[in-house]
Structures are given as structure tokens and as C-alpha cells.
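Residue numbers (the working numbering): 5 to 198.
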């Protein structure tokens with residue numbers, strides 16, 4: 005369905021959400037959570053969408069799980085095309101890989117935010133020391149969280165869990181978007197203090 009990869013948190017006034025169920029050729033488009041069979045959203049025949057919760061009470065999740073994209077997906081389901089100005093802004097925002105690191109000078113831990121873009125064939129996030137030796141490889145973790153966008157906190161340890169010495173390190177990030185032959189590559193310099 006058009007909501008298949010979307011994940012939201014609900015912050016509405018009611019902690020209990022009513023159940024609804026599809027009938028006939030209807031399909032379920034929302035469940036209370038992935039391990040629960042409680043259906044809270046249905047769609048039928050490209051003419052009807054029913055939700056048993058307040059749409060505005062959904063908190064945006066991963067990049068493709070935003071209220072704006074959900075409403076756009078529902079309109080698309082109805083066959084209503086979006087206006088060009090908003091569509092371009094949203095698609096460009098979600099299709100551009102990027103890397104941000106904060107703070108770049110740190111003692112205990114550093115926050116690494118990355119966005120692989122809309123769809124990626126492959127992504128890597130690695131930390132090297134000044135000699136070019138691989139210190140930490142987060143690439144396997146990226147595959148578990150389904151690429152897209154996320155936050156990683158690095159505590160200054162190597163892949164085995166040993167604390168690394170103070171010094172200069174480089175965070176190397178690369179993503180291979182499906183729609184582009186060019187790989188996105190970015191390197192950030194960070195300094196770890198004791």
C-alpha cells in the first residue's frame with residue numbers, strides 16, 4: 005500500500021485509538037504498531053480513505069514518514085496530482101543525501117546525523133584516524149535501520165569497544181542513490197579531547 009514504509013508516533017489527545025476494518029475490496033493502510041493486528045486506517049477503490057485517529061496528531065518520523073508526504077500519498081491514491089512548487093521542494097529535500105556532525109570538538113560522545121536520500125542501493129559510514137586506519141564502521145548499522153535518515157552517537161570507541169586516544173578523526177560517509185550514477189561522498193573532521 006502507499007503507507008507501507010511509513011512509521012509515525014501518535015501524540016493525540018486519546019491514548020486509545022478506535023479500530024476499523026476494511027470490507028469488500030478495501031485494504032488496511034495503518035496498524036497501531038507493526039506487531040499488532042489493530043487496524044486504524046483503511047482505503048477502498050481509490051475513492052475512500054478512513055482513519056480512526058486525528059491526522060494532525062501524527063508526529064513526523066523517518067524522512068518519508070511525514071504528515072505532508074502522507075497527505076500527498078492519499079491525494080495521489082485519489083488520482084489528484086500535487087502542485088509543482090511544493091512537490092519540488094519536498095522531493096529535493098528528501099532525495100539529497102547529507103551528513104552533519106555535532107559537536108566537531110568533543111570529549112565523551114559526538115552526534116552524527118545522516119540522510120541517505122529517498123532510496124539508496126548502498127551506504128557507508130566509517131570513522132578513520134589521521135593515519136587512515138579504520139577505527140569504527142557503522143555501515144552494517146545503516147542497513148539495519150533501513151537507510152533513509154537517522155542519528156548515531158559515537159562514544160569514541162573502536163569496533164571492538166576499546167576507547168581510542170585523543171586526536172583528529174575523520175567521518176567518511178558515502179551513499180549510492182538509485183536514481184543517480186554519482187555517489188554522494190562527504191568527509192567531516194572531528195577532534196576528540198580527553
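Each residue gets a CB set at the ideal place from its N, CA and C atoms; glycine is no exception.
Is residue 80 helix, strand or coil by DSSP?
-> Start at 1 with the first residue of the chain shown, and residue 80 comes out as number 76. Note: residue 80 maps to helix in three-state DSSP.
Could you check if residue 157 is buried or exposed, using at least 16 other CB atoms within 10 Å of its CB as the buried criterion?
-> In the chain shown, the residue the question calls residue 157 occupies position 153. Residue 157 is exposed by the Cβ-count criterion.
Hey, how far is the Cα of residue 1 from the Cα of residue 187?
-> Because the chain in this structure spans residues 5 to 198, residue 1 falls outside the shown range and cannot be described.
Could you give the distance in angstroms between the alpha-carbon of residue 161 and the alpha-carbon of residue 7?
-> Taking the chain shown and counting its residues from 1, the one referred to as residue 161 is at position 157. Taking the chain shown and counting its residues from 1, the one referred to as residue 7 is at position 3. So the two alpha carbons sit approximately 38 Å from each other.
With a threshold of 16 other CB atoms inside 10 Å of the CB of residue 45, please say whether the residue is buried or exposed.
-> Taking the chain shown and counting its residues from 1, the one referred to as residue 45 is at position 41. Classification of residue 45: buried, given that the 10 Å Cβ count is 16 or more.
Residue 58 burial status per 10 Å Cβ neighbour count (16 or more: buried) = Here residue 58 refers to the residue found at position 54 of the chain shown. Exposed: under 16 other Cβ atoms inside 10 Å.
Cβ-based neighbour list, residue 128, same chain, cut-off 6 Å, excluding 5 preceding and 5 following | Taking the first residue of the chain shown as position 1, residue 128 is located at position 124. The residues are 143, 178.
Using a threshold of 7 Å, state whether the C-beta atoms of residue 33 and residue 47 are closer than that.
-> By one-based count along the chain shown, residue 33 stands at place 29. By one-based count along the chain shown, residue 47 stands at place 43. A contact, by the Cβ cut-off of 7 Å.
Can you give the Cα-Cα distance for residue 134 and residue 173, rounded to whole angstroms?
-> As a position in the chain shown, residue 134 is number 130, starting the count at 1. As a position in the chain shown, residue 173 is number 169, starting the count at 1. Cα to Cα, residue 134 sits roughly 6 Å from residue 173.
So who's on the other strand from residue 190, going by DSSP bridges?
-> Numbered from its first residue, the chain shown carries residue 190 at position 186. In DSSP, residue 190 forms a bridge with 177.
Just the Cα atoms here: how many angstroms apart are residue 101 and residue 120?
-> Against the chain shown, residue 101 aligns to sequence position 97. Against the chain shown, residue 120 aligns to sequence position 116. Cα-Cα distance, rounded: 4 Å.
Should residue 201 be labelled buried (16 or more other beta-carbon atoms within 10 Å of its own) or exposed?
-> Within the shown structure, residues of the chain are numbered from 5 to 198, placing residue 201 beyond reach of any answer.
In angstroms with no decimal places, state the Cα-to-Cα distance between residue 71 and residue 110.
-> The sequence position of residue 71 within the chain shown is 67, counting from 1. The sequence position of residue 110 within the chain shown is 106, counting from 1. Between residue 71 and residue 110, the C-alpha separation is close to 35 Å.
Measure the alpha-carbon distance for residue 149 versus residue 56 and round it to whole angstroms.
-> The residue given as residue 149 occupies position 145 in the chain shown. The residue given as residue 56 occupies position 52 in the chain shown. Low confidence applies here, because residue 149 scores a pLDDT of 45, under 50, leaving its location unreliable; read the following figure in that light. Each residue's Cα considered, the two are about 28 Å apart.
Please confirm whether residue 12 and residue 54 have their CB atoms less than 7 Å apart.
-> Walking along the chain shown from the start, residue 12 turns up at place 8. Walking along the chain shown from the start, residue 54 turns up at place 50. Going by C-beta atoms, residue 12 is not nearer than 7 Å to residue 54.
Which parts of the segment 21–72 are runs of the beta strand (DSSP E), unbroken and 3 residues or longer, counting only runs that do not cross its ends?
-> 31–35, 43–48, 52–55
On the DSSP bridge assignment, give the partners of residue 198 in chain order.
-> Reading the chain shown from its first residue, position 194 is the one you call residue 198. Bridge partners of residue 198: none, in fact.
Entirely within the segment 116–140 and at least 3 residues each: give me those beta strand (DSSP E) ranges in chain order.
-> 124–133
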